[in-house]
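J.: Under my numbering, the first residue of the sequence shown is numbered 5, with each subsequent residue one higher.
Even for Gly, the Cβ is constructed at its ideal location relative to N, Cα and C.
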Amino acid sequence: MTTAPGPPEPFGFFKGSQPPVPPPQAPVLPEVAGHPRASVLRIDHRKRAPLRVLMGYARPHRLVLFATLLLVLASSGAGLMQPLVAQQVLTSLSGGGDVKGPVILLGALVVAGAGLTGLQSWWQQRTSERVVRRVRQELVFRLIRLRVPELDRRPPGDLIARVTSDSTLLQNAATEGLVMIANGLLSIVGAGVLMGIVHLPLLGVTVGVLVAVGLVMGGVLPRIRKAVARAQESIGAVGSALDRTLGAARTVKANGAEDRETEVADDAIDGAYKAGLVGAKYVALVKILSGVSIQAAFLAVLGVGGALVASGDLETPELIAFLLYVFYLASPIGSLVGGLGMLQQGLGAVGRIEQIKRMAVEADVDELPQDHMPRHPASPGANGRVNGAPDGHVNGFAGGGADEDAGIRGNPASTMQLKVIGARAGGVRRPPTIEFRDVRFGYPGRGTALKGISCTIPGGTQTALVGLSGAGKTTMFALLQRFYDPTAGQIIIDGVDIESMRRAEVRRRIAYVEQDSPVMAGTLEDNLTYSATNASQADIAEALRVTRLDTLIDRLPDGLRTEVGNRGVSLSGGERQRLAIARALLRKPEVLLLDEATAQLDARNEQALREAVDQAARRCTVILIAHRLSTVTHVDQIVVMEHGEIRALGSHEELVKADPLYRELAASQMLVGEEGAAGAAPGAAAGAEPGGPAGGGGMPAGPGTGRPAGGRGGTPAGTPDGGGRRPPQGRGPAPSAGPLPQRPVASPGGPPGR
Numbered sequence: 005m006t007t008a009p010g011p012p013e014p015f016g017f018f019k020g021s022q023p024p025v026p027p028p029q030a031p032v033l034p035e036v037a038g039h040p041r042a043s044v045l046r047i048d049h050r051k052r053a054p055l056r057v058l059m060g061y062a063r064p065h066r067l068v069l070f071a072t073l074l075l076v077l078a079s080s081g082a083g084l085m086q087p088l089v090a091q092q093v094l095t096s097l098s099g100g101g102d103v104k105g106p107v108i109l110l111g112a113l114v115v116a117g118a119g120l121t122g123l124q125s126w127w128q129q130r131t132s133e134r135v136v137r138r139v140r141q142e143l144v145f146r147l148i149r150l151r152v153p154e155l156d157r158r159p160p161g162d163l164i165a166r167v168t169s170d171s172t173l174l175q176n177a178a179t180e181g182l183v184m185i186a187n188g189l190l191s192i193v194g195a196g197v198l199m200g201i202v203h204l205p206l207l208g209v210t211v212g213v214l215v216a217v218g219l220v221m222g223g224v225l226p227r228i229r230k231a232v233a234r235a236q237e238s239i240g241a242v243g244s245a246l247d248r249t250l251g252a253a254r255t256v257k258a259n260g261a262e263d264r265e266t267e268v269a270d271d272a273i274d275g276a277y278k279a280g281l282v283g284a285k286y287v288a289l290v291k292i293l294s295g296v297s298i299q300a301a302f303l304a305v306l307g308v309g310g311a312l313v314a315s316g317d318l319e320t321p322e323l324i325a326f327l328l329y330v331f332y333l334a335s336p337i338g339s340l341v342g343g344l345g346m347l348q349q350g351l352g353a354v355g356r357i358e359q360i361k362r363m364a365v366e367a368d369v370d371e372l373p374q375d376h377m378p379r380h381p382a383s384p385g386a387n388g389r390v391n392g393a394p395d396g397h398v399n400g401f402a403g404g405g406a407d408e409d410a411g412i413r414g415n416p417a418s419t420m421q422l423k424v425i426g427a428r429a430g431g432v433r434r435p436p437t438i439e440f441r442d443v444r445f446g447y448p449g450r451g452t453a454l455k456g457i458s459c460t461i462p463g464g465t466q467t468a469l470v471g472l473s474g475a476g477k478t479t480m481f482a483l484l485q486r487f488y489d490p491t492a493g494q495i496i497i498d499g500v501d502i503e504s505m506r507r508a509e510v511r512r513r514i515a516y517v518e519q520d521s522p523v524m525a526g527t528l529e530d531n532l533t534y535s536a537t538n539a540s541q542a543d544i545a546e547a548l549r550v551t552r553l554d555t556l557i558d559r560l561p562d563g564l565r566t567e568v569g570n571r572g573v574s575l576s577g578g579e580r581q582r583l584a585i586a587r588a589l590l591r592k593p594e595v596l597l598l599d600e601a602t603a604q605l606d607a608r609n610e611q612a613l614r615e616a617v618d619q620a621a622r623r624c625t626v627i628l629i630a631h632r633l634s635t636v637t638h639v640d641q642i643v644v645m646e647h648g649e650i651r652a653l654g655s656h657e658e659l660v661k662a663d664p665l666y667r668e669l670a671a672s673q674m675l676v677g678e679e680g681a682a683g684a685a686p687g688a689a690a691g692a693e694p695g696g697p698a699g700g701g702g703m704p705a706g707p708g709t710g711r712p713a714g715g716r717g718g719t720p721a722g723t724p725d726g727g728g729r730r731p732p733q734g735r736g737p738a739p740s741a742g743p744l745p746q747r748p749v750a751s752p753g754g755p756p757g758r
């Protein structure tokens, strides 16, 4: 009995690159409820009153705030007793009595009041710092997990300002502001009671003056909130302007645009300045009204009280005690007004912070606790496949079926064996097959980027996506990483729709080397082990060797501990690309995505990286985006894209003969001569004849190509299922070469073209 040969054993770094696979689990939907910080990740669409939101931040600290308030009241009580004791001292002095006891009591009240105030201030500041820490942690936790579309719509500088500046205003309002308001109110009430005991008519005069001023102040305070909200928006604009400029500092300097960028930042700063002045104007007006209220109350009491003393209806010590209470009111009134001002400022910041809570987040990028994970793996049904999994799949992983190579398909026994081996061959997962099924996607406000993409990328092969800029190649990578989700269609990895998988699982299986190869600030080692923190020194050394970074490390005095600077500014473009590729290889992924990953490499390093990727392809599925066709002529299949559609699929040789766009791209890069390009045209045209013999050309019909069946010529040799597939190079018998058809996009009657 013929059995399917296993994949060739890799060597060096790639040996045993896949860790043992745990028992397969049923797909886990991205449920927020199972997350240990579900309350932070929950998207809150409610529009709650800002004051209620503010109180919610203070609620976890209510016991400490209550104890702080008790200290404030004790301190205020000590202050309230001082005028009464002072009255007793004056009475004793005028009557010739002993003043020793009252003086000692007065001194004790002063010391006690100062000590209680200091302790209250410490508790209050500590609670304030705890509140702002919690707010910032929640904001950072959410911001890092915001969905990519949300991040695309907002400048980073504004989001950063919400964490740094807005949270400080909320901090002051949620702790100090609330305590100041409570302290002011209670102290005013206590002083009013004692003032009523001293002389009730004078209390009525004082209350009348304060109420009149308070009505005016009530019309000013809400404007502080609006002014602060506008000021915080302006501060966010300043952060955005600086982020734009400093993030492209070299571009700014190279183009001599310092003055232009300074003007942009100055405009944002002027906006913040003007908005801040408006808020400062209202705050100053409130303070003026606060001072006027005390002075007006003092003058009113002095005038009325003086008349009462002159008429004999009020004793002089009583008037002095009452005036001391009026002066005492300056502190609680100032506390009340200051607290209300802080509250309005905090309410202005709450709205911007609450906006972040209404932004969509990726709640499925963190590991769930074990008690929230599925307890039982899916069990196979009577037909040998997992319930809910497509035919030809075992436990959700690809194994056989219609997508197997022609050399294996003819032997049912060997196909069944591959179903088992493919899923868990020796405890190592088989490289996954990826399918795009009529995938459509469009960026908001930018039209359609993908228009019904359908193709199959066999596991353990290398596939290249080529085409003109804007064809949709990078968008396919973004969908594979679930940065975005398709608006229609499905992306299948080993028979499982990735939208039914947690993003953490999808991204754990896929390594992505981005087009600009971003490098994080930190050391070389930090970047290399960014997603493989437990990598062994042997694996690190091998990753450096295959990417030829070992010679760079040897030249550096600090080796892997060398700082690379912000965004890797101390590295060349090629070094950043090699570092990004080494980081991806060190992850030992099942799928490797390379987006123009060798564009900045010299020929020598490019060849070395190609060999490394070829080795990686033995244990993972590799998809490359390339504009330099010389880097992908050796791959198993090439997908030619144009305007968000697949126009052709095949090997380099087949596409040169069959597809005008690919042939033009190859000729422009001197990969084919003019004679070869011209000689390919007749064959391509002949192969396009409807109803031609099998293998005579024409785009293969069937779901693997995204073309309707029967639209063009017969099925190419070597692909009896019509799926547009050919055995990977070096993995089976080569098919008879027949030209693939092209999708003509010229006007009717004109020659095929782009």
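Could you tell me whether the Cβ atoms of Ala468 and Ile642 are closer together than 8 Å?
T.: It is a contact, given that the beta carbons lie within the stated cut-off.
J.: Going by the beta-carbon positions, is the gap between Thr527 and Arg565 smaller than 8 Å?
T.: Contact: yes.
J.: Can you tell me whether Val398 is buried or exposed? The criterion is at least 16 other CB atoms within 10 Å of its CB, across all chains shown.
T.: With a pLDDT of 30 at Val398, under the threshold of 50, the predicted position of this residue should be treated as unreliable, though the coordinate-derived value follows. With 16 or more Cβ atoms within 10 Å of its Cβ, Val398 is classed as buried.
J.: Hey, out of Tyr277, Leu246, Ile273 and Asp274, whose CA is closest to Glu262's CA?
T.: Per the Cα distances, Leu246.
J.: What three-state label does DSSP hand Asp489 in the structure shown?
T.: Asp489 falls in the coil class under three-state DSSP.
J.: Just to check my reading of the structure: Ala272 and Ala233 have Cβ atoms closer than 8 Å, yes? What is that Cβ distance to the nearest angstrom?
T.: Between Ala233 and Ala272 the Cβ distance is about 16 Å, and since that is not below 8 Å, they are no contact.
J.: Which residue comes first and which comes last in the beta strand (DSSP E) that contains Ile438?
T.: It spans Ile438 to Gly446 - the beta strand (DSSP E) in which Ile438 sits, taken as one unbroken run.
J.: Under 7 Å from any heavy atom of the ligand ADP, does the C-beta of Val305 make it?
T.: The ligand ADP is absent from the structure shown, which contains no ligand whatsoever.
J.: To the nearest angstrom, how far is it from the Cα of Glu237 to the Cα of Thr179?
T.: Distance between the alpha carbons of Glu237 and Thr179: 23 Å.
J.: Between the alpha carbons of Cys624 and Glu615, how many angstroms are there, rounded?
T.: One C-alpha to the other measures close to 14 Å.
J.: Within its chain, find whatever has a CB closer than 6 Å to the CB of Ser339; leave out the 5 residues flanking it on each side and keep chain order.
T.: So the list reads Met184, Asn187 and Gly188, once near-sequence residues are dropped.
J.: Buried or exposed for Asp368, please, with buried defined as at least 16 other CB atoms from any protein chain shown within 10 angstroms of its CB.
T.: Answer is buried; the Cβ neighbour count reaches 16.
J.: Pairing CB atoms from the segment 124-140 with CB atoms from the segment 69-89, are three or more of them under 8 Å?
T.: Judged by Cβ distances under 8 Å, the segment 124-140 makes contact with the segment 69-89, as three or more pairs qualify.
J.: Given this structure, state the Cα-to-Cα distance separating Thr555 from Glu567, to the nearest angstrom.
T.: The straight-line gap from Cα to Cα measures roughly 17 Å.
J.: Excluding sequence positions up to five away, which residues of its chain have a Cβ less than 7 Å from the Cβ of Leu659?
T.: Ile642, Val644, Ala652, Tyr666 and Leu744.
J.: Grab me the residues of Gly109's own chain with a C-beta within less than 7 Å of its C-beta, minus the 5 sequence neighbours each way, in chain order.
T.: What sits at residue 109 in the sequence shown is Leu, not Gly. Only Val89 meet the Cβ criterion.
J.: Tell me whether Val139 sits in a helix, a strand or coil according to DSSP, three-state version.
T.: Helix at Val139.
J.: Leaving aside the five residues before and after His203 along the sequence, list all residues of the same chain whose C-beta is less than 7 Å from its C-beta, in chain order.
T.: Here the set comprises Leu318, Glu322 and Phe326.
J.: Roughly how many whole angstroms lie between the Cα atoms of Arg772 and Gln349?
T.: Outside the displayed range of the chain (5 to 758) lies residue 772, so it cannot be described from this structure.
J.: Whole angstroms are fine: how far does the CA of Pro593 sit from the CA of Lys423?
T.: With a pLDDT of 31 at Lys423, under the threshold of 50, the modelled position of that residue is not reliable, and the figure given next carries that caveat. Looking at the two C-alpha atoms, the distance is approximately 21 Å.
J.: Hey, Gly83 and Gly117: beta-carbon distance below 8 Å or not?
T.: Yes.
J.: Which residues in the same chain as Leu163 place their Cβ atom closer than 7 Å to its Cβ, once the five residues preceding and following it in sequence are excluded?
T.: Excluding residues within five positions, the ones whose Cβ falls inside 7 Å are Leu147.
J.: Grab me the residues of Thr637's own chain with a C-beta within less than 8 Å of its C-beta, minus the 5 sequence neighbours each way, in chain order.
T.: Closer than 8 Å at the Cβ level, and outside the excluded window around Thr637, lie His656 and Leu675.
J.: Which residues does DSSP list as the beta-bridge partners of Gly60?
T.: Paired residue(s): none; Gly60 is not in a bridge.
J.: Who pairs with Met645 in a beta bridge, going by DSSP?
T.: Met645 pairs with Gly471 and Ile650.
J.: Once DSSP output is grouped into helix, strand and coil, what is the label at Val290?
T.: Helix, per DSSP.
J.: Hey, quick one: how far does the beta strand (DSSP E) through Ser458 stretch, first residue to last?
T.: Ser458 -> beta strand (DSSP E) spans Thr452 to Ile461.
J.: My guess is that Pro336 and Ala195 are in contact by the Cβ rule of under 8 Å, so how many angstroms apart are they, rounded?
T.: Sure, about 7 Å apart at Cβ, within 8 Å.
J.: Once the 5 residues before and after Ala53 are set aside, which same chain residues still bring their CB inside 7 Å of it?
T.: Nothing meets the Cβ criterion.
J.: State buried or exposed for Pro378, treating a residue as buried only when at least 16 other CB atoms are found within 10 Å of its CB.
T.: Residue placement at Pro378 cannot be trusted, given a pLDDT of 40 that sits under 50; the coordinates are not used to answer.
J.: To the nearest angstrom, report how far apart Leu214 and Lys361 are at their CA atoms.
T.: Between Leu214 and Lys361, the C-alpha separation is close to 40 Å.
J.: What is the C-beta distance between Thr491 and Gly446, in whole angstroms, given that I count them as a contact (C-beta under 8 Å)?
T.: 6 Å between Cβ atoms; contact.
J.: I'd like the span of the alpha helix (DSSP H) that includes Val660, first residue to last.
T.: Its alpha helix (DSSP H) spans residues His656 to Ala662.
J.: Ignore the nearest five residues each way along the sequence and tell me which others in Glu610's own chain have a CB closer than 6 Å to its CB.
T.: Closer than 6 Å at the Cβ level, and outside the excluded window around Glu610, lie Thr602.
J.: Excluding five sequence neighbours on each side, which residues of the same chain lie with their C-beta closer than 6 Å to the C-beta of Met524?
T.: Answer for Met524: Asn531, listed in chain order.
J.: Please report the distance separating the alpha-carbon of Val57 from that of Ala353.
T.: Straight-line Cα distance between these residues: approximately 11 Å.
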